[in-house]
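Participant: My questions all concern the structure below.
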Amino acid sequence: MDQFKTNQNEDIQCLLPEWEEAIGYQLSQDKQSIYMEGVKDGIRLILPIIQPTNIR
């Protein structure tokens with residue numbers, strides 16, 4: 189990546205950090221979404237176990 193950066197003109201060198209930041213932000217959003225889906229799945233699995241059942 190460093191070699192790629194040094195072989196580009198100044199305009200592209202200025203834009204690369206912004207691009208890297210945008211990609212990093214998107215990746216973190218994707219990871220957060222995946223994590224939250226896992227939490228929701230875990231809650232769906234655990235909730236029936238911890239909720240008291242009505243015995244008739």
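Position one of the sequence shown corresponds to residue 189 (the working numbering), numbered consecutively onward. Positions of the beta carbon are idealized from the N, C-alpha and C atoms, including for glycine.
So, with DSSP's three-state summary, where would you put P205?
Facilitator: The residue labelled residue 205 in the question sits at position 17 within the sequence shown. Looking at P205 - three-state DSSP - the assignment turns out to be helix.
Participant: So, for D218: in the same chain, excluding its five sequence neighbours on each side, which residues have a beta-carbon less than 8 angstroms away from its beta-carbon?
Facilitator: One-based indexing of the sequence shown puts residue 218 at position 30. Around D218: no qualifying Cβ.
Participant: According to DSSP, is Q239 part of a helix, a strand, or is it coil?
Facilitator: Numbered from 1 along the sequence shown, position 51 holds the residue referred to as residue 239. In this structure, Q239 counts as coil in the three-state DSSP scheme.
Participant: With DSSP collapsed to three states, give me the class of Q196.
Facilitator: Counting from one through the sequence shown, the residue named residue 196 turns up at place 8. Note: Q196 maps to coil in three-state DSSP.
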